[in-house]
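Taking it in order: structure first as structure tokens, then the write-up.
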Amino acid sequence: MTTYAIGDLQGCHAEFVELLERLAFDPRHDRLWLAGDLVNRGPGSLDCLREVRALGEAAVTVLGNHDLHLLAVARGGASLNRKDTLESILEAPDREALLDWLQSRPLLVRQAVAGQGDTVMSHAGVLPQWSPALAEVLAGEVVGELRSERSGAFLEQMYGNEPACWHDSLEGVDRLRAIVNVLTRMRFIDAEGCLDFSAKEGLDSAPAGFAPWFCYPRQDEARLVFGHWAALEGKAPGARARVEALDTGCVWGGRLTALNLSTGERTGVPSHQRR
Numbered sequence: 001m002t003t004y005a006i007g008d009l010q011g012c013h014a015e016f017v018e019l020l021e022r023l024a025f026d027p028r029h030d031r032l033w034l035a036g037d038l039v040n041r042g043p044g045s046l047d048c049l050r051e052v053r054a055l056g057e058a059a060v061t062v063l064g065n066h067d068l069h070l071l072a073v074a075r076g077g078a079s080l081n082r083k084d085t086l087e088s089i090l091e092a093p094d095r096e097a098l099l100d101w102l103q104s105r106p107l108l109v110r111q112a113v114a115g116q117g118d119t120v121m122s123h124a125g126v127l128p129q130w131s132p133a134l135a136e137v138l139a140g141e142v143v144g145e146l147r148s149e150r151s152g153a154f155l156e157q158m159y160g161n162e163p164a165c166w167h168d169s170l171e172g173v174d175r176l177r178a179i180v181n182v183l184t185r186m187r188f189i190d191a192e193g194c195l196d197f198s199a200k201e202g203l204d205s206a207p208a209g210f211a212p213w214f215c216y217p218r219q220d221e222a223r224l225v226f227g228h229w230a231a232l233e234g235k236a237p238g239a240r241a242r243v244e245a246l247d248t249g250c251v252w253g254g255r256l257t258a259l260n261l262s263t264g265e266r267t268g269v270p271s272h273q274r275r
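Every letter in the sequence shown is one number past the one before it in the UniProt record's numbering, and letter 56, counting from 1, is 56.
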């Protein structure tokens with residue numbers, strides 16, 4: 001059995017199918033980890049949701065910011081943005097089944113991988129101040145809210161840039177929002193673990209006093225797998241942790257990338273957006 005981690009699909013369904021064929025992926029034996037953002041911006045968001053859901057236990061996906069945005073639009077009163085490509089999902093006959101499935105996904109996956117040790121995947125990364133065990137517990141707090149009768153109210157209040165700094169004493173929606181922001185929106189942080197939400201490009205766009213989250217030292221040796229940051233092009237220069245950046249910008253004309261979690265080998269296919 002081989003387990004592969006794949007970066008952000010963002011509606012790149014044709015590339016996803018091509019990549020699985022390139023890997024000779026067999027759902028009877030192999031497994032997929034998907035780094036979130038299955039949907040939005042690309043032309044095949046509905047097909048991506050259906051494809052991954054149909055894989056059943058052969059695939060696990062964490063929620064990304066675009067996945068949560070879809071849920072907020074469908075069930076939390078949020079509005080579509082001008083560049084969104086989510087209408088096909090919202091108008092689909094199996095819309096509710098797909099949304100139920102998506103809303104039950106985790107925000108973080110953690111597992112021991114042969115030859116690699118403790119491996120953690122979330123969409124945007126993990127704060128250096130959080131151990132893998134703590135990150136797993138905090139992600140579970142958000143998942144519990146999403147699976148509760150309070151989920152609609154939470155989705156209405158989920159997004160916002162405050163609080164920008166994590167504190168153990170945070171409570172209520174502020175605590176949950178801070179966890180969501182770390183796991184699905186984080187790029188640059190300061191030495192205290194406070195997030196910047198303005199810079200979204202490459203490393204040279206870091207605001208004064210901020211650096212990529214993976215450039216700060218950690219107290220553990222876990223391997224961290226993440227997507228979200230297409231401008232990194234699958235690289236994490238200056239990392240002071242074991243990290244694997246997987247978003248190689250398929251929806252922007254780059255590639256869709258899969259990582260063999262045991263061997264570290266990468267396999268990619270070019271974006272169809274350029275063809």
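Built from N, CA and C at the ideal position, the CB exists for glycine as well.
For Asp118, which three-state DSSP category applies?
-> For Asp118, the three-state secondary structure derived from DSSP is strand.
Starting from Pro128, trace the alpha helix (DSSP H) both ways and give me its first and last residue.
-> Counted as a single uninterrupted DSSP element, the stretch harbouring Pro128 is not any alpha helix (DSSP H), since DSSP gives it neither H nor E.
Those residues which DSSP pairs with residue 278 across a bridge | Here the chain comprises residues numbered 1 to 275, so residue 278 is not present and cannot be evaluated.
Would you tell me roughly how many angstroms separate the C-alpha atoms of Glu221 and Leu170, rounded to the nearest one?
-> Approximately 27 Å, taken between the alpha carbons.
Any idea if Glu15 is buried or exposed, counting beta-carbon neighbours within 10 angstroms, 16 or more meaning buried?
-> Its Cβ being crowded by 16 or more others within 10 Å, Glu15 is buried.
Less than 8 Å separating the beta-carbons of Thr119 and Gln129?
-> The answer is no: Cβ separation not under 8 Å.
Could you please give the first and the last residue of the uninterrupted beta strand (DSSP E) stretch that includes Gln273?
-> Looking at the DSSP string, Gln273 is not in any beta strand (DSSP E), and its letter there is neither H nor E.
Quick check: the stretch 175-194 against the stretch 52-69, are there 3 or more CB pairs under 8 Å?
-> Touching, yes.
Based on Cα-Cα distance, which residue from Leu9, Ala54 and Asp30 lies nearest to Pro43?
-> Out of Leu9, Ala54 and Asp30, Leu9 has the C-alpha closest to the C-alpha of Pro43.
Where does Gly227 land, buried or exposed, given buried means 16+ other C-beta within 10 angstroms?
-> Within 10 angstroms of the beta-carbon of Gly227 lie 16 or more other beta-carbons, which makes it buried.
Gly202 in three-state terms, based on DSSP = Coil at Gly202, not helix or strand.
How would you write the range of the alpha helix (DSSP H) that Phe154 sits in, first residue to last?
-> Run containing Phe154: Ser151 to Gln157, per the alpha helix (DSSP H) assignment.
Could you tell me which residues DSSP puts in a beta bridge with residue 297?
-> A query on residue 297 cannot be resolved here, the shown segment of the chain reaching from 1 to 275 and no further.
Where does Cys250 sit, in a helix, a strand or coil, going by DSSP?
-> If DSSP states are grouped into helix, strand and coil, Cys250 belongs with the helices.
Measure from the alpha carbon of Gln79 to the alpha carbon of each residue in Glu156, Ala59, Trp101 and Ser45, then state which is nearest.
-> Residue 79 is actually Ser in this sequence, not Gln. For the residues Glu156, Ala59, Trp101 and Ser45, the minimum Cα distance to Ser79 belongs to Glu156.
Proximity below 8 Å, CB of Leu224 to CB of Arg242 | Less than 8 Å separates the beta-carbon of Leu224 from that of Arg242.
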